[in-house]
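To start, the structure under review is shown below, and the notes come after it.
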């Protein structure tokens, strides 16, 4: 059995989707610890990046429903790719706010969610932004939090793409 077949089979197991949901949920818990435990005020971009990470958790939960069914996996991959892409774009913008500050290039003052999903009103302790996007308030190994998110979302895009590209193996191996 080669590695590609093994990876394809792994994508059809509930444990793979559980791991996606678990890892991204742990990242969410870290964000909440930074906010409430270390008193680091999240900015607008932080909140949007948090929502992208929640999208990854939701993708894992969708994939867990019935991972052996291709349509369920494709729905999970779709949300996984969409959330990863938007999370990467948001984190790149956030890094630009931090390291290339300009009066003409600033993040919004308030988060804006759709009228049908006002997360900042339903759960302000999690989704209300009170910080400044251009401030670097935390670093680890010389990288700011949005720089770490760039890495996390880039890896997420790569892993999603690999698993998605392996899905045709289902049809090839049956011939």
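Numbering (the working numbering), first residue to last: 2 to 176.
Note that the Cβ used here is the ideal one computed from N, Cα and C, for glycine as well.
Please list, in chain order, all residues of the same chain as residue 60 whose beta carbon is under 7 Å from its beta carbon, the five residues on each side excluded. 21, 77, 80, 81, 84
Rounded to the nearest angstrom, what separates residue 157 and residue 5 at their Cα positions? 18 Å
Hey, could you find the ends of the alpha helix (DSSP H) residue 19 is sitting in? 15-33
In its own chain, which residues sit with a C-beta less than 6 Å from the C-beta of residue 107, not counting the 5 before and 5 after it? none
Among 16, 3, 18, 28, whose alpha-carbon lies nearest the alpha-carbon of residue 154? 28
Beta-carbon proximity check, residue 87 vs residue 134, cutoff 8 Å: no
Between the C-alpha atoms of residue 112 and residue 127, what's the straight-line distance to the nearest angstrom? 12 Å
Quick one: what's residue 80 bridged to in DSSP? DSSP output for residue 80 lists no bridge partner at all.
Per DSSP, residue 106 is paired with what? 103
Using only the alpha-carbon positions, how far apart do residue 110 and residue 44 sit? 9 Å
How is the alpha helix (DSSP H) around residue 56 delimited, first residue to last? 45-66
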